[in-house]
Amino acid sequence: MNGNLNGHNGAAGGFRERNASGERSPLDDVERADTLDVRRDVRGEVGPLIDSLRTLFQGDRATASQGNATRCGICYLHFPLAQLEYRESEGYYVCAGCGHALGAARLPMVRRQKRL
């Protein structure tokens, strides 16, 4: 090798030379922005939905990484434990949104969530 490291450039789908410290070229960011613009056009009407789901899942991962969080047994998103209600008879945690949607209805699950 000649001192340059080859690194994958995910935006363009090809390979771009990197310097010895592994830093990307500023052109990589320009190519990524161009690719995102093209991708937005290709996604059409579902583009905003994809963007909102990405934001939702990024927030979910951030909440999950906090110490005292677990999943809602219905929507399966992470919430701080203080924001969840454990339904003893069904055996799972429910967030406020899912609890409101369920109301007094019971929804049995195959597996019970461990109560924390």
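Residues 69 to 184 in the numbering used here are what the sequence shown lists, from first letter to last.
Note that CB positions come from ideal geometry on N, CA and C, so glycine has one too.
As the structure is a prediction and not an experimental result, all values here were calculated from the model.
**Request:** Could you spell out the range, first to last residue, of the beta strand (DSSP E) harbouring Arg129?
**Result:** Arg129 -> not in any beta strand (DSSP E); alpha helix (DSSP H) instead, spanning 115 to 132.
**Prompt:** Opposite Glu153 in the DSSP bridges: which residues?
**Reply:** Looking at the DSSP assignment, Glu153 forms a beta bridge with Val162.
**Message:** Given 7 angstroms as the limit, tell me if Glu153 has its C-beta closer than that to any heavy atom belonging to the ligand GDP.
**Reply:** Within the structure as shown, the ligand GDP is missing, as the structure has no ligands at all.
**Message:** One question on the structure: do Tyr154 and Tyr144 come within less than 8 angstroms of each other, judged by their Cβ atoms?
**Reply:** Result no, Cβ atoms of Tyr154 and Tyr144 do not sit closer than 8 angstroms.
**Request:** Enumerate in chain order the residues of its own chain whose CB-to-CB distance from Cys140 is below 7 angstroms, with the five nearest sequence positions on each side excluded.
**Result:** If we look at Cys140 and ignore the five residues flanking it on each side, its Cβ neighbours are Phe147, Leu152, Tyr161, Val162, Cys163, Cys166.
**Contact set for Gly177: own chain, Cβ-Cβ below 7 angstroms, skip 5 residues either direction** = Checking the sequence shown, residue 177 turns out to be Met, not Gly. Contacts found: Gly141, Glu158, Gly159, Tyr160.
**Request:** Measure the alpha-carbon distance for His15 versus Arg174 and round it to whole angstroms.
**Result:** Shown here, the chain extends from 69 to 184; a query on residue 15 therefore has no answer.
**Prompt:** What distance in whole Å lies between the Cβ atoms of Thr138 and Leu149, which are believed to be in contact at a cut-off of 8 angstroms?
**Reply:** Right, the Cβ-Cβ distance comes to about 6 angstroms (below 8 angstroms), so this counts as a contact.
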